[in-house]
């Protein structure tokens, strides 16, 4: 214990934030005096010191086991960047809350991975995960609404299906498909060839915010 405290007192930010994440899957939080509110307590600590981070909530998925209702833990709390309080409150957090629904399990995992990549400055992978989360949400919408689509469809035809059937104006397609375009042009999902790709923090941050906003718009409009 003394060694752990000594390490945490002198380690860099990345390792300290990793430690905060590890206490949840290892169930070390059971030793906390107020473990029921631990996520909120950590977030309050971040707010008090004006630190640009937040901890997400546990994600529980409801299901059925024969005649019995079940609840399964599908995602542990994770530390994410929170560079703008306004954007976090109006886009990132609402998107994460929406993705906690059981049908969005894959999209939730992909978006959380994008947020983790962003925090760890792996901006190329961040763009890849944003595009994957966007596509997953489009497929869930199509499946839920019983709109015809193929499991191999990419974001562009999926988006056209959703925009058309949801009654959104066609001009929404171009700005919304930008999430997938950025992934295709800049991320690590395709080889760079002879030209290196410059994925800056600002571009990755834009992709995260645009993905969250697009998910919220499409799910709400599709109903």
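Residue numbers (the working numbering): 36 to 258. Built from N, CA and C at the ideal position, the CB exists for glycine as well.
### Range covered by the beta strand (DSSP E) that runs through residue 138
For the purposes of this step, residue 138 is taken as residue 103 along the chain shown, with counting starting at 1. For residue 138, there is no enclosing beta strand (DSSP E), as DSSP gives it neither H nor E.
### Task
Within its chain, find whatever has a CB closer than 7 Å to the CB of residue 249; leave out the 5 residues flanking it on each side and keep chain order.
Here residue 249 refers to the residue found at position 214 of the chain shown. Closer than 7 Å at the Cβ level, and outside the excluded window around residue 249, lie 169, 211, 214.
### Query
If we call anything under 9 Å between Cβ atoms a contact, is residue 115 one with residue 91?
Walking along the chain shown from the start, residue 115 turns up at place 80. Walking along the chain shown from the start, residue 91 turns up at place 56. Cβ distance < 9 Å, so residue 115 and residue 91 count as in contact.
### Query
So residue 146 and residue 134 are in contact, right, with Cβ under 8 Å, and what is the actual spacing, rounded?
Counting from 1 along the chain shown, the entry for residue 146 is found at position 111. Counting from 1 along the chain shown, the entry for residue 134 is found at position 99. With a Cβ gap of about 6 Å, residue 146 and residue 134 count as contacting.
### Message
Taking the alpha-carbon of residue 180 as reference, which of 196, 167, 190 has the nearest alpha-carbon?
### Response
By 1-based counting over the chain shown, the position of residue 180 is 145. Ranked by Cα distance from residue 180, the first of 196, 167, 190 is 196.
### Task
Quickly, what does DSSP pair residue 88 with across the bridge? List them, please.
Counting from 1 along the chain shown, the entry for residue 88 is found at position 53. DSSP output for residue 88 lists 116 as bridge partner(s).
#### Entry: Beta-carbon proximity of residue 77 to residue 55, cut-off 9 Å
Counting from one through the chain shown, the residue named residue 77 turns up at place 42. Counting from one through the chain shown, the residue named residue 55 turns up at place 20. Yes, these two residues count as a Cβ contact at 9 Å.
### Query
Looking at C-alpha atoms only, which residue of 241, 198, 52, 39 is the closest neighbour of residue 262?
This structure gives no information on residue 262, because the portion of the chain shown stretches from 36 to 258.
### Message
Give me the residue from 257, 127, 141 with the minimum Cα distance to residue 246.
### Response
In the chain shown, residue 246 corresponds to position 211, counting from 1. With distances taken between Cα atoms, residue 246 lies closest to 127.
### Query
Can you name the start and end residues of the beta strand (DSSP E) that residue 98 belongs to?
Indexing the chain shown from 1 puts residue 98 at position 63. Residue 98 -> beta strand (DSSP E) spans 94-100.
### Query
How long is the line joining the alpha carbons of residue 220 and residue 233, rounded to whole angstroms?
The residue labelled residue 220 in the question sits at position 185 within the chain shown. The residue labelled residue 233 in the question sits at position 198 within the chain shown. Straight-line Cα distance between these residues: approximately 10 Å.
### Message
From the DSSP secondary-structure annotation, give me the bridge partner or partners of residue 105.
### Response
Within the chain shown, residue 105 is the residue found at index 70, counting from 1. According to DSSP, residue 105 bridges with 98.
### Query
Can the beta-carbon of residue 140 be found closer than 9 Å to that of residue 96?
If you number the chain shown from 1, residue 140 lands on position 105. If you number the chain shown from 1, residue 96 lands on position 61. Yes. Within cutoff.
### Query
At which residues does the alpha helix (DSSP H) containing residue 48 begin and terminate?
Position 13 of the chain shown, counted from the first residue, corresponds to residue 48. For residue 48, the uninterrupted alpha helix (DSSP H) segment begins and ends at 48-57.
#### Entry: Bridge partner(s) assigned by DSSP for residue 110
Residue mapping note: residue 110 aligns to position 75 of the chain shown, counting from 1. Beta-bridge annotation (DSSP): residue 110 is paired with 94.
### Query
So what's residue 254 in DSSP terms, helix, strand or just coil?
Counting from one through the chain shown, the residue named residue 254 turns up at place 219. DSSP places residue 254 in helix when its eight states are reduced to three.
### Message
With a threshold of 7 Å on Cβ separation, who are the neighbours of residue 162 within its own chain once the five nearest residues in sequence on each side are excluded?
### Response
Your numbering for residue 162 matches position 127 in the chain shown. Excluding sequence neighbours, residue 162 sits near 217, 218, 221, 222, 234, 239, 242.
#### Entry: Beta-carbon proximity list for residue 74, same chain, < 7 Å, skipping 5 on both sides
Within the chain shown, residue 74 is the residue found at index 39, counting from 1. For residue 74, where only same-chain residues beyond five positions count, the Cβ hits under 7 Å are 90, 92, 112.
### Task
Kindly indicate which residue of 62, 190, 258 has the alpha-carbon position closest to the one of residue 201.
In the chain shown, the residue the question calls residue 201 occupies position 166. For residue 201, the nearest C-alpha among the options comes from 258.
### Message
Assuming the contact rule is C-beta atoms closer than 8 Å, residue 175 and residue 138 should be a hit. Round their C-beta distance to whole Å, please.
### Response
Your numbering for residue 175 matches position 140 in the chain shown. Your numbering for residue 138 matches position 103 in the chain shown. Confirmed, Cβ separation roughly 5 Å.
### Task
Closer than 6 Å by C-beta to residue 237: which residues in its own chain qualify, once you throw out the five before and the five after it? Chain order, please.
Taking the first residue of the chain shown as 1, we reach residue 237 at position 202. So no residue of the chain qualifies.
### Message
Classify residue 50: buried if its beta carbon has 16 or more other beta carbons within 10 angstroms, exposed otherwise.
### Response
In the chain shown, counting from the first residue as 1, residue 50 sits at position 15. Counting of Cβ neighbours within 10 angstroms places residue 50 among the exposed residues, the total staying below 16.
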